[in-house]
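Asks:
In the numbering used here, the protein residues as written are 26 to 185.
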């Protein structure tokens with residue numbers, strides 16, 4: 026089952042009202058917000074990071090935050106007890122998420138990928154929007170339902 030299908034199944038199984046928005050593929054958050062008819066700040070952006078926990082131990086993190094902000098990699102590392110964080114390459118991101126860069130939703134379907142969300146995502150809008158595992162599809166859903174279903178670990182990691 027594709028991430029696109031798994032995501033819709035997860036939301037349906039949890040009685041989440043959502044809207045599927047199909048649109049031309051777009052890469053940048055600002056471009057896709059215009060196409061979706063939403064605010065950039067409603068977007069839930071997802072970065073796949075590798076965090077160095079010790080000289081031999083690494084952890085992969087899916088860091089989710091408002092699309093109009095920037096992530097602080099040092100804060101992501103600290104949030105999971107690590108020393109340093111970096112973005113993974115495209116191949117590893119695809120392997121961990123099942124998606125292309127730019128299409129990754131703010132849900133982890135991989136037990137090796139820890140979901141970490143900045144709490145500002147919860148407080149800014151009643152609804153969030155995000156890529157649905159494909160570059161040409163997005164999901165708009167209630168913010169509180171996202172936190173209820175995803176059950177993410179939360180920590181502040183956006184730059185001021």
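Beta carbons: idealized from backbone N, C-alpha and C, even for Gly.
The structure displayed is predicted, hence computed values, not measured ones.
Could you check how far apart the C-beta atoms of residue 139 and residue 179 are, in whole angstroms? I think they sit under 8 Å.
Replies: So it is not a contact: roughly 12 Å between Cβ atoms.
Asks: Going by alpha carbons, who is nearest to residue 50 out of 133, 163, 134?
Replies: 163
Asks: Looking at residue 185: is its Cβ nearer than 8 Å to the Cβ of residue 149?
Replies: no
Asks: Mind pulling the beta strand (DSSP E) runs of 3 or more residues that sit fully within the stretch 46-93?
Replies: 69-77, 83-91
Asks: Could you pull the start and end residues of the beta strand (DSSP E) that residue 138 belongs to?
Replies: 138-142
Asks: Going by DSSP, which residues form a beta bridge with residue 165?
Replies: 44, 154
Asks: Which residues in the same chain have their Cβ closer than 8 Å to the Cβ of residue 141, if we skip the five residues on either side of it in sequence?
Replies: 86, 87, 88, 89, 101, 104, 105, 177, 178, 179, 180, 182
Asks: With a 10 Å radius around its C-beta and 16 neighbouring C-beta atoms as the bar for buried, classify residue 133 as buried or exposed.
Replies: buried
Asks: Does the stretch 163-173 come close enough to the stretch 51-66 that 3 or more CB-CB pairs lie under 8 Å?
Replies: Because the criterion of three Cβ pairs below 8 Å is met, the stretch 51-66 and the stretch 163-173 touch.
Asks: Consult DSSP for residue 128 and reduce its assignment to one of helix, strand or coil.
Replies: coil
Asks: Can you tell me where the beta strand (DSSP E) with residue 118 in it begins and where it stops?
Replies: Unbroken run through residue 118 is the alpha helix (DSSP H), 115-122; no beta strand (DSSP E).
Asks: Taking Cβ positions, are residue 36 and residue 29 nearer each other than 8 Å?
Replies: no
Asks: Express the C-alpha separation of residue 157 and residue 69 in angstroms, rounding to a whole number.
Replies: 11 Å
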